[in-house]
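A.B. asks: Numbering (our numbering), first residue to last: 290 to 564. All residues carry an ideal CB built from backbone N, CA and C; glycine is no exception. This is the structure I have questions about; it appears just below.
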Amino acid sequence: MIYIMTAMYYEARPLIKTFGLKKDLNYDKFQVFRNDDVVLIISGVGAVKASIAVTYILTSLRRDILDDDIFINFGICGSAYKKNGIVICNKITDHCTGRSYYPDMLFKHPFLEGEIETFPNVINERRDMESDFVDMEASGAFQAASLFFLTCQMHFIKIISDFLVTDNITGNSVEKLVNDNLDDFVKWLNLRRNICLKEKKILTNYENVYIESISHNLNITDSMKHEFVDLCIDYKIRSHDDLSGVLELFEKYKCQSKREGKIYFGKLRSKLMEL
Numbered sequence: 290m291i292y293i294m295t296a297m298y299y300e301a302r303p304l305i306k307t308f309g310l311k312k313d314l315n316y317d318k319f320q321v322f323r324n325d326d327v328v329l330i331i332s333g334v335g336a337v338k339a340s341i342a343v344t345y346i347l348t349s350l351r352r353d354i355l356d357d358d359i360f361i362n363f364g365i366c367g368s369a370y371k372k373n374g375i376v377i378c379n380k381i382t383d384h385c386t387g388r389s390y391y392p393d394m395l396f397k398h399p400f401l402e403g404e405i406e407t408f409p410n411v412i413n414e415r416r417d418m419e420s421d422f423v424d425m426e427a428s429g430a431f432q433a434a435s436l437f438f439l440t441c442q443m444h445f446i447k448i449i450s451d452f453l454v455t456d457n458i459t460g461n462s463v464e465k466l467v468n469d470n471l472d473d474f475v476k477w478l479n480l481r482r483n484i485c486l487k488e489k490k491i492l493t494n495y496e497n498v499y500i501e502s503i504s505h506n507l508n509i510t511d512s513m514k515h516e517f518v519d520l521c522i523d524y525k526i527r528s529h530d531d532l533s534g535v536l537e538l539f540e541k542y543k544c545q546s547k548r549e550g551k552i553y554f555g556k557l558r559s560k561l562m563e564l
């Protein structure tokens, strides 16, 4: 299942048309559109509304989140630099609290990549920013979604709409902007979804045995194990190599504490991200 949150209807309408989503009248607090594979909720503008909307839909569905489910916060953003296109956020900072959050960047993409800063108001001055990009929802969406998803399942996709001059932004211009970038987004989403569907085919039984053994020996958490699996999948997709040569280097380590395990897992992570 793909869960998508947008702030505005104009951001959502091209997705609704492309995925053939229908309005679900069972939901009266927010507008919800869905089919068998995609659920989209429109939160309204602002981090608080985003957090409430994400929590609302994920609890209302009464459905367990599966390993191959994906959460996407999709919408527009402002940019400090004169660049156009789609941005995938590798760091999210809440301007009000100063707290930062880090979605895992395990999957290839053709987009710009950078930090986004979430403000409670529209920003028109570069001096107010400490990041490359700005929006009004990402930090709230992350905080809520992280209660249900692992960070490797969460993606924050923004389309640059302005260079901190927002006077000409209208609903119609937002919808046109989304339509102009929609093919690239859908192409990436299909690739991302296929990675999930093919996960069991990518890793051999032999490699899965290695993963189980190393996870046990390093005494890592369930979240770290999930990241470990994603790293292995990404490594194989990038390198087309057998994993056993890398994994056998770490099978010999046996850690007595989670702290020690984190140290060796950090080394393992670096090794799997070398390519």
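So, for E402: in the same chain, excluding its five sequence neighbours on each side, which residues have a beta-carbon less than 6 Å away from its beta-carbon?
C.D. replies: Here the question's residue 402 lines up with position 113 in the sequence shown. Result list for E402: I377 and N379, in chain order.
A.B. asks: Locate the alpha helix (DSSP H) running through E549, then write down its first and last residues.
C.D. replies: Taking the sequence shown and counting its residues from 1, the one referred to as residue 549 is at position 260. Unbroken alpha helix (DSSP H) run through E549: K547 to L561.
A.B. asks: Have a look at the DSSP bridge pairing and note the partners of D451.
C.D. replies: Along the sequence shown, one-based indexing puts residue 451 at 162. G367, per the DSSP bridge assignment.
A.B. asks: So does E419 have its beta carbon nearer than 7 Å to some heavy atom of the ligand ZN?
C.D. replies: Ligands displayed in this structure: none; no statement on the ligand ZN is therefore possible.
A.B. asks: Are three or more beta carbon pairs between the region 301-319 and the region 457-472 nearer than 8 Å?
C.D. replies: In short, these stretches touch, since the Cβ pair count reaches three.
A.B. asks: Return the chain-ordered list of same chain residues with a C-beta closer than 7 Å to the C-beta of E516, the five sequence neighbours on each side being excluded.
C.D. replies: One-based indexing of the sequence shown puts residue 516 at position 227. The answer, listed in chain order, is D393 and C441.
A.B. asks: For V327 and G309, what's the separation of their Cα atoms in angstroms?
C.D. replies: The residue given as residue 327 occupies position 38 in the sequence shown. The residue given as residue 309 occupies position 20 in the sequence shown. Computed Cα separation, rounded: 9 Å.
A.B. asks: So is R323 buried or exposed if we call it buried at 16+ other beta carbons inside 10 Å?
C.D. replies: Start at 1 with the first residue of the sequence shown, and residue 323 comes out as number 34. By the neighbour-count rule (16 or more Cβ atoms within 10 Å), R323 is buried.
A.B. asks: For V321, which residues in the same chain have their Cβ closer than 6 Å to its Cβ, ignoring the five residues on either side in sequence?
C.D. replies: The residue you call residue 321 lines up with position 32 of the sequence shown. If we look at V321 and ignore the five residues flanking it on each side, its Cβ neighbours are D313 and I330.
A.B. asks: Kindly indicate the opening and closing residues of the beta strand (DSSP E) around I405.
C.D. replies: On the sequence shown, residue 405 is found 116 positions in, with the first residue counted as 1. Counting along the chain, the beta strand (DSSP E) containing I405 begins and ends at L401 to T407.
A.B. asks: So, L536 versus E496, is the Cβ gap smaller than 8 Å?
C.D. replies: The sequence position of residue 536 within the sequence shown is 247, counting from 1. The sequence position of residue 496 within the sequence shown is 207, counting from 1. A contact, by the Cβ cut-off of 8 Å.
A.B. asks: Does the Cβ-Cβ distance between S502 and E549 come in under 8 Å?
C.D. replies: Start at 1 with the first residue of the sequence shown, and residue 502 comes out as number 213. Start at 1 with the first residue of the sequence shown, and residue 549 comes out as number 260. Their beta carbons are not under 8 Å apart, which means S502 does not touch E549 by this criterion.
A.B. asks: To the nearest angstrom, report how far apart N362 and T295 are at their CA atoms.
C.D. replies: Taking the sequence shown and counting its residues from 1, one reaches residue 362 at position 73. Taking the sequence shown and counting its residues from 1, one reaches residue 295 at position 6. Their Cα atoms are separated by approximately 6 Å.
A.B. asks: So, are the CB atoms of S450 and G367 less than 8 Å apart?
C.D. replies: On the sequence shown, residue 450 is found 161 positions in, with the first residue counted as 1. On the sequence shown, residue 367 is found 78 positions in, with the first residue counted as 1. Yes, they are a contact pair.
A.B. asks: In or out: S512 buried (at least 16 other Cβ within 10 Å) or exposed?
C.D. replies: As a position in the sequence shown, residue 512 is number 223, starting the count at 1. Exposed, because fewer than 16 other Cβ atoms sit within 10 Å of the Cβ of S512.
A.B. asks: Considering only residues of the region 324-372, which uninterrupted alpha helix (DSSP H) runs meet the minimum length of 4 residues and lie entirely inside it, listed in chain order?
C.D. replies: The qualifying runs are 336-349.
A.B. asks: Does the separation of the CB atoms of I405 and K371 fall below 8 Å?
C.D. replies: Within the sequence shown, residue 405 is the residue found at index 116, counting from 1. Within the sequence shown, residue 371 is the residue found at index 82, counting from 1. Cβ atoms of I405 and K371: not closer than 8 Å.
A.B. asks: Looking at Y524 and L561, is the spacing between their C-beta atoms short of 8 Å?
C.D. replies: Here residue 561 corresponds to residue number 272 of the sequence shown, with the count starting at 1. Here residue 524 corresponds to residue number 235 of the sequence shown, with the count starting at 1. Yes, the Cβ-Cβ distance between L561 and Y524 is below 8 Å.
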